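Everything below concerns the one structure shown next.
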Amino acid sequence: MRINNLKEISKIILNDIKFFAHHGLTEEEKVLGQNFSINLEMECLLDKVFKSDLIDDTVDYSNIFNIVKDIVMFSNYNMIETIADKIIAELFLIPKVKSVHVEVRKLNPPIKDSEISYAAVSLYRSKDS
């Protein structure tokens, strides 16, 4: 049973999206490339999809994947912070997306004499209502 006059915010989550890409400060990172992992959590207005059951009334997560893939695979950035910023900027072009939390992980970062699983940047932004 649905209560009228409620504003529903739903979350769409894509977790551990893996890419091999060429980002980083060093020439070695840019030439050889390395593994990255992206986690996304988006708050979206999806109230229509519960009645319609149509893809046009939701945020298509295959489209989200392709947006992230285009940014990570087909651009080159020095900083993972920039990747996170670009992802959010593109996702905010989708009207139903109201907030985005993105975590960009550089797996096995090249830090001398270290054993680190990953270095990450976590960025959260929301649209003004």
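So for the sequence shown, the working numbering puts the first residue at 37; every next one is plus one.
By construction, the Cβ of each residue, glycine as well, lies at the ideal position given by its N, Cα and C atoms.
As the structure is a computational prediction, the values presented were derived from the model and not from experiment.
How would you write the range of the alpha helix (DSSP H) that residue 97 sits in, first residue to last? Stepping through the sequence shown from its first residue, residue 97 is reached at position 61. For residue 97, the enclosing alpha helix (DSSP H) covers residues 97-109.
The alpha helix (DSSP H) that contains residue 124, what's its start and end? On the sequence shown, position 88 is the one that residue 124 refers to. Per DSSP, residue 124 belongs to the alpha helix (DSSP H) from 116-127.
So which of 75, 128, 66 has the shortest CA-CA distance to residue 115? Position 79 of the sequence shown, counting from 1, holds the residue named residue 115. Of the listed residues, the one whose Cα sits closest to residue 115 is 66.
Residue 109 versus residue 57 - alpha carbon distance: In the sequence shown, the residue the question calls residue 109 occupies position 73. In the sequence shown, the residue the question calls residue 57 occupies position 21. Approximately 6 Å between the Cα atoms of the pair.
Could you tell me whether the Cβ atoms of residue 72 and residue 122 are closer together than 8 Å? Looking up residue 72 in the sequence shown gives position 36. Looking up residue 122 in the sequence shown gives position 86. No, these two residues do not count as a Cβ contact at 8 Å.
Candidates 90, 152, 52: closest to residue 101 by CA position: Along the sequence shown, read from residue 1 onward, the residue named residue 101 stands at position 65. Taking only the C-alpha atoms, the option nearest residue 101 is 52.
Taking the beta carbon of residue 74 as the centre, do at least 16 other beta carbons fall within 10 Å, making it buried, or is it exposed? One-based indexing of the sequence shown puts residue 74 at position 38. By the C-beta density criterion, residue 74 is buried, having at least 16 other C-beta atoms within 10 angstroms.
Does residue 120 pass the burial test, meaning 16 or more other C-beta atoms within 10 Å, or should it be called exposed? For the purposes of this step, residue 120 is taken as residue 84 along the sequence shown, with counting starting at 1. Burial state of residue 120 is buried, judged by a 10 Å Cβ sphere holding 16 or more other Cβ atoms.
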